[in-house]
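Undergrad: Shown below is the structure under consideration.
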Amino acid sequence: MNRRTRTHTLVHAEKEFLQRLEEKIVRSHSVLMLEEPHHALVMMKMRETARHHLFYLGEVLVSECRVRLNGSLGLGIIRGDRMEEARMLAVIDACFNADSPLISELENSIYEEMQRQKEQRLRESAKVLVSRVHFETMEEEVKS
Amino acid sequence: MAYVTVKGGREAIEASIEKVRYEQFKGGVILKAEEVKSSMKSLVDQVMSEASLYDEDLAALSICQGEGSPEECVFLLRAYRSTLPRKHYSLEIKSEEMRIHRRISASFKDIPGGQLLGASRDYTHRLLDEEYFDKEAIRQVVEKWDELEMHEESELQFPKVLDYLRAQKMMVEYPVSEEEPDDVTKVSLTFPSSRSQRLQVLTRGQTGAVTALGYASLRGFGSVHPTVGELRVGRLPVSIANPMDEKDEDDGYSIGDIEVTEVESIIPTFIEREDKSREMRFEIGYGICFGQNESKAIAMSILDNCLEHPSEVPTHQEEFVLLHIDSVEATGFISHLKLPHYVTFQAELDGVRKESK
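The listed protein sequences correspond, in order, to chains A and B. Residue numbers for the first sequence follow this note's numbering, so the first one is 3 and each next one is one higher. Residue numbers for the second sequence follow this note's numbering, so the first one is 26 and each next one is one higher.
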């Protein structure tokens, strides 16, 4: 599982899920805080579809944190005011970067969470699909 | 003419500021930010879009503090934003990755995936409902939708409606540009502007101003009258590159997603063939903004196309459009007229007195 897929699942997970993973990691590893969780901005770069140019759509607030674990850096970054989640994400990221023996156990949990999120999305999709238009074309009136 | 320092008024100003809070709180009903976020989504979306800062919680707080005045809320958010470091730029966001929850086309009846109305007030009677807060009715609608049966599953990602016209070679084609965008928050807008500057200014424009100028174009103060090829509302995933290895996008960090409204409008145009004859094609006017704000996105798509075809008509003049649609700039300049102009006005008064003697 690459980092982008992993973090996509993690940033959409409940805080309690991240907390469980973090607790598992800190039981086996010591974690050094390099940058306390703080707010920052990410400028979003978008590709428009009329003339295929890049432009800046605007900024988004993020919470960000950096830690070190077994000599490896970990970055936690998540949209919104979510300082604790940023720390948890940084710890999880550092654990993966450090090739910890916990990785396979963590990955299994993340795969399960990914599946849960997919099922949730599909359930939510019903609320959109129910508003799909089914056009009926009226037969042309024949004039006598 | 020299400026004259005038002292005084400090206590009056302090009293005025405190009276704002008194007027807001004297009724005893105080809205919390979480209530605003939950029940005033359209205003939250508008404020985020005009502030060019995406965060529902901050926008909701600004709405409470600014008493729902969009210009005040936008000012508060822009000021807050200026205190934060910009530490990252996102990887390129592609609208094809949008998870859609509303998507319609005014150009084609049958589109791949179908027309999905989603949540829209377009089909409601605009009648004030005195029973709007009826608790039983609210409970019933929430319960019904929470327990909706699933008959079909979908990730709600669909191809662009206009891909059909592209495949038919009916669109004017443009090459993909890899030019890094300009940023109007770093370097002031100059003319002639770049396409990236125009789109950035339009997307953060004041909803009313963008809509008014788009409307003016339709009424004849411009020459663009489009058909909405596709209007989609949905969530876009946002990622940043790994600061240690920026080349591998799969090694980047997902930070979450944002909701946007995106519009592709179809505008007929003529292209010149090699033999100088003219052939009709379509081109796209592009509109996008934070949240669900469909009028603004459609109006932006009109103005985008207007500005790609400069002319003497006001809505086709980039300086006229781009310098007048920013909320903070426009309301700031207008409201500066409230500041003391005692000396300037005295000079005018003296002039009138001399003339009348």
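Glycine included, every Cβ here is placed at the ideal spot set by N, Cα and C. Predicted model only: the values in this text are computed from it and were never measured.
Please report how far the alpha carbon of Glu-203(B) lies from the alpha carbon of Gly-82(A), in whole angstroms.
TA: Between Glu-203(B) and Gly-82(A), the C-alpha separation is close to 29 Å.
Undergrad: Answer yes or no: do Cys-331(B) and Ser-74(B) have a C-beta to C-beta separation smaller than 8 Å?
TA: In this structure, Ser-74(B) does not lie closer than 8 Å to Cys-331(B) by Cβ.
Undergrad: To the nearest angstrom, how far is the alpha carbon of Glu-122(B) from that of Ile-283(B)?
TA: For Glu-122(B) and Ile-283(B), the distance between alpha carbons rounds to 12 Å.
Undergrad: What residues in the region 49-79 of chain A have a beta carbon less than 9 Å from any beta carbon of chain B?
TA: Answer set for the region 49-79 of chain A: Arg-49, Glu-50, Thr-51, Ala-52, Arg-53, His-54, His-55, Leu-56, Phe-57, Tyr-58, Leu-59, Gly-60, Glu-61, Val-62, Leu-63, Val-64, Glu-66, Leu-75, Leu-77, Gly-78 and Ile-79.
Undergrad: Which chain B residues are close to Val-13(A), counting only those with a beta carbon under 8 Å from its beta carbon?
TA: Chain B residues near Val-13(A): Ser-279, Ile-280 and Gly-281.
Undergrad: Do you know offhand how far Gly-60(A)'s Cα is from Pro-95(B)'s?
TA: If you take the alpha carbons of Gly-60(A) and Pro-95(B), they lie about 18 Å apart.
Undergrad: Against Lys-129(A), what residues of chain B qualify as contacts under a CB-to-CB distance less than 7 Å, listed in chain order?
TA: Chain B residues near Lys-129(A): Trp-170 and Leu-173.
Undergrad: Sort His-31(A), Leu-36(A), Ile-94(A) and Ala-128(A) by Cα distance to Lys-17(A) and report the nearest one.
TA: Of the candidates His-31(A), Leu-36(A), Ile-94(A) and Ala-128(A), the one whose C-alpha sits nearest the C-alpha of Lys-17(A) is Ile-94(A).
Undergrad: Return the residue from the list Phe-307(B), Ser-352(B) and Pro-335(B) that minimises the CA-CA distance to Tyr-189(B).
TA: Comparing Cα-Cα distances from Tyr-189(B) to each of Phe-307(B), Ser-352(B) and Pro-335(B), the minimum goes to Phe-307(B).
Undergrad: Terminal residues of the continuous beta strand (DSSP E) containing Thr-286(B)?
TA: Segment 278-297, the beta strand (DSSP E) holding Thr-286(B).
Undergrad: Check the Cβ-Cβ distances between Ser-111(A) and every residue of chain B, and say whether any is below 8 Å.
TA: Not one chain B Cβ lies under 8 Å of Ser-111(A).
Undergrad: Is there contact between the region 316-329 of chain B and the region 229-249 of chain B, where contact requires at least three CB pairs shorter than 8 Å?
TA: Result yes; three or more Cβ-Cβ pairs closer than 8 Å.
Undergrad: How many angstroms separate the CA atom of Trp-170(B) from the CA atom of Arg-128(B)?
TA: Near 20 Å, if we compare the C-alpha coordinates of Arg-128(B) and Trp-170(B).
Undergrad: Taking 6 Å as the limit between beta carbons, can you name the residues of its chain near Val-33(A), skipping five residues before and five after?
TA: So the qualifying residues of the chain are Val-69, Leu-71 and Val-93.
Undergrad: Going along chain A in order, which residues have a C-beta closer than 8 Å to the C-beta of Ile-313(B)?
TA: Near Ile-313(B) (Cβ distances below 8 Å), the residues of chain A are Met-48, Glu-50 and Leu-59.
Undergrad: So what does DSSP say about Lys-185(B), is it helix, strand or coil?
TA: Three-state DSSP puts Lys-185(B) in coil, outside helix and strand.
Undergrad: Name the residues in the region 87-120 of chain A whose C-beta lies less than 7 Å from a C-beta of chain B; which are they?
TA: Residues passing the 7 Å Cβ filter: none.
Undergrad: Along the region 34-46 of chain A, what residues have a CB closer than 8 Å to any CB found in chain B?
TA: Here the close residues are His-41, Ala-42, Leu-43, Val-44, Met-45 and Met-46.
Undergrad: Going by C-alpha to C-alpha distance, which of Asp-329(B), Ile-118(B), Ile-280(B) and Leu-153(B) sits closest to Arg-223(B)?
TA: That would be Asp-329(B), whose Cα lies nearest to the Cα of Arg-223(B).
Undergrad: Can you give the Cα-Cα distance for Gly-33(B) and Glu-43(B), rounded to whole angstroms?
TA: Those two C-alpha atoms are separated by around 18 Å.
Undergrad: For a quick check, are the C-beta atoms of Leu-91(A) and Ile-105(A) less than 8 Å apart?
TA: Contact: no.
Undergrad: Straight-line CA distance for Ser-65(A) to Met-48(A)?
TA: Approximately 21 Å between the Cα atoms of the pair.
Undergrad: For Lys-134(B), decide whether its Cβ has a neighbour in chain A, counting only Cβ atoms nearer than 8 Å.
TA: Yes, because at least one Cβ of chain A sits closer than 8 Å to the Cβ of Lys-134(B).
Undergrad: Under 8 Å by Cβ, that's how I've got Tyr-311(B) and Arg-5(A) pegged, so tell me the actual separation to the nearest angstrom.
TA: Not confirmed; about 31 Å, so no contact.
Undergrad: Looking at the strands, I want to know which residues DSSP matches up with Cys-67(A).
TA: Answer is Gly-78(A), bridged to Cys-67(A).
Undergrad: How many Å lie between Glu-121(A) and Val-346(B) at the Cα?
TA: Using only the alpha carbons, I get a separation of about 46 Å.
Undergrad: Under 8 Å, CB to CB, which of the residues in the region 88-119 of chain B have a partner in chain A?
TA: Listed in sequence order: Arg-106, Leu-109, Pro-110, Arg-111, Lys-112, His-113, Tyr-114, Ser-115, Leu-116, Glu-117, Ile-118 and Lys-119.
Undergrad: Going by beta-carbon coordinates alone, are Glu-114(A) and Leu-20(A) separated by less than 8 Å?
TA: No, Cβ-Cβ distance for Glu-114(A) and Leu-20(A) is not below 8 Å.
Undergrad: Between the Cα of Met-175(B) and those of His-136(A), Thr-139(A) and Arg-123(A), spot the shortest distance and give me the residue it belongs to.
TA: If we check each option's Cα against that of Met-175(B), Arg-123(A) comes out closest.
Undergrad: When DSSP labels each residue in this structure, what does Lys-26(A) get in the three-state scheme?
TA: In the structure shown, Lys-26(A) sits in a helix (DSSP, three-state: H, G or I).
Undergrad: Please report whether the beta-carbon of Val-133(A) lies at a distance below 8 Å from any beta-carbon of chain B.
TA: What sits at residue 133(A) in the sequence shown is Ser, not Val. Answer yes: the Cβ-Cβ gap between Ser-133(A) and chain B drops below 8 Å somewhere.
Undergrad: On the DSSP bridge list, what partners appear for Ser-264(B)?
TA: DSSP lists Ser-279(B) as partners of Ser-264(B).
Undergrad: Around the C-beta of Asp-207(B), are 16 or more other C-beta atoms found within 10 angstroms, so that it is buried, or is it exposed?
TA: Buried, since its Cβ has 16 or more Cβ neighbours within 10 Å.
Undergrad: With 16 other CB atoms within 10 Å as the buried threshold, where does Gly-254(B) fall?
TA: Result: buried.
Undergrad: When you compare only the Cα positions, how much space is there between Asp-212(B) and Ser-218(B)?
TA: Asp is not the amino acid found at residue 212(B); the sequence shown has Val there. Spanning the two alpha carbons is a distance of roughly 12 Å.
Undergrad: In chain A, which residues lie with their C-beta within 8 Å of the C-beta of Val-263(B)?
TA: Those within 8 Å of Val-263(B) in chain A are Val-44, Met-46, Val-62 and Arg-81.
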